[in-house]
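Notes to accompany the following structure.
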């Protein structure tokens, strides 16, 4: 199994631009999580899906952030418009629902200039 | 070497020594706890987990101890190796809904 796949691995953009991060969970996993990691705030849960349905988006910082999961094998996290304070590493993780362990992807390092 | 809670985020340990990483969790109702290891430039990787009905669980070179009375979790690494250098996170699951709440992390550096 390839594990959780994220793309791109690195993204550099200018303030005001739209950013789309992508995630492919492990096949057969029915829960998907988006996290943001910064030095100041650590790992923060932004949103999680169960069976493609958003269950809890209370961690999404503001309306500029949105996430979708159109099917069981793909999710996107979009920031529009992006701001320098959005610079962070964004992780996607998935879970099988039969155990509590979450499997993390390699992350996308986002830099907003 | 030993770190305490989230207030000493770094731990330096001699290769071959045992490491102890401590974590204070916040929710007495949490039922599940997990340790992750994060190497530079990578995502967190599962090390070991434990449920609240256990006090101790052992893996390969790692042991997790849970003290529910004082809401304390620790990770012991035996015979620490250079490859153990990483940031270690504890996490709890407060609501039995697969959502994990992560601690700040402890950076472990292994000295040769």
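Protein chains in written order, with the working numbering: chain A, 1 to 113; chain B, 1001 to 1112. From the three backbone atoms N, C-alpha and C, an ideal C-beta is built for every residue, glycine too.
A Cβ-Cβ contact shorter than 8 Å links residue 1089 of chain B with residue 1036 of chain B. A residue is called buried once 16 or more other Cβ atoms fall within 10 Å of its Cβ, and residue 1045 of chain B, having fewer, is exposed.
In its chain, beyond the 5 residues on either side, 1003, 1075, 1088 and 1106 have a beta carbon closer than 6 Å to the beta carbon of residue 1021 of chain B.
When Cβ-Cβ separations below 8 Å define contact, residue 1088 of chain B makes no contact with chain A.
Taking a 10 Å sphere around the C-beta of residue 1084 of chain B, we find 16 or more other C-beta atoms and assign the residue as buried. Put simply, of A:30, A:56, A:4 and A:9 the residue whose alpha carbon is nearest the alpha carbon of residue 108 of chain A is A:9. Across the structure, residue 42 of chain A and residue 1040 of chain B are spaced so that their CA atoms are roughly 14 Å apart. If you look at residue 1075 of chain B, you'll find it in the beta strand (DSSP E) that goes 1072-1077. Interface with chain B (8 Å Cβ-Cβ cutoff): residue 31 of chain A is included. DSSP places residue 1013 of chain B inside the beta strand (DSSP E), whose first and last residues are 1010-1014. For residue 1083 of chain B, the secondary structure class from DSSP, reduced to helix, strand or coil, is helix.
Chain B places a beta carbon closer than 8 Å to that of residue 101 of chain A, counting this residue as a contact.
Taken through DSSP and simplified to helix, strand or coil, residue 1111 of chain B comes out as strand. In this structure residue 47 of chain A is in contact with residue 60 of chain A, their Cβ atoms being roughly 6 Å apart against a cut-off of 8 Å.
DSSP links residue 1024 of chain B through a beta bridge to B:1072. Within chain A, the residues 91, 104, 105, 106 and 107 have their CB atoms less than 7 Å from the CB of residue 1043 of chain B, given in chain order. Residue pairing by DSSP puts residue 6 of chain A in a beta bridge opposite A:23.
The Cβ-Cβ distance between residue 19 of chain A and residue 68 of chain A does not fall below 8 Å. Residue 42 of chain A belongs to the set of residues whose beta carbon lies under 8 Å from a beta carbon in chain B. About 14 Å separates the CB atoms of residue 44 of chain A and residue 110 of chain A; that is not less than 8 Å, and the two are not in contact. Boundaries for residue 16 of chain A: no beta strand (DSSP E) harbours it, and the DSSP string shows neither H nor E there.
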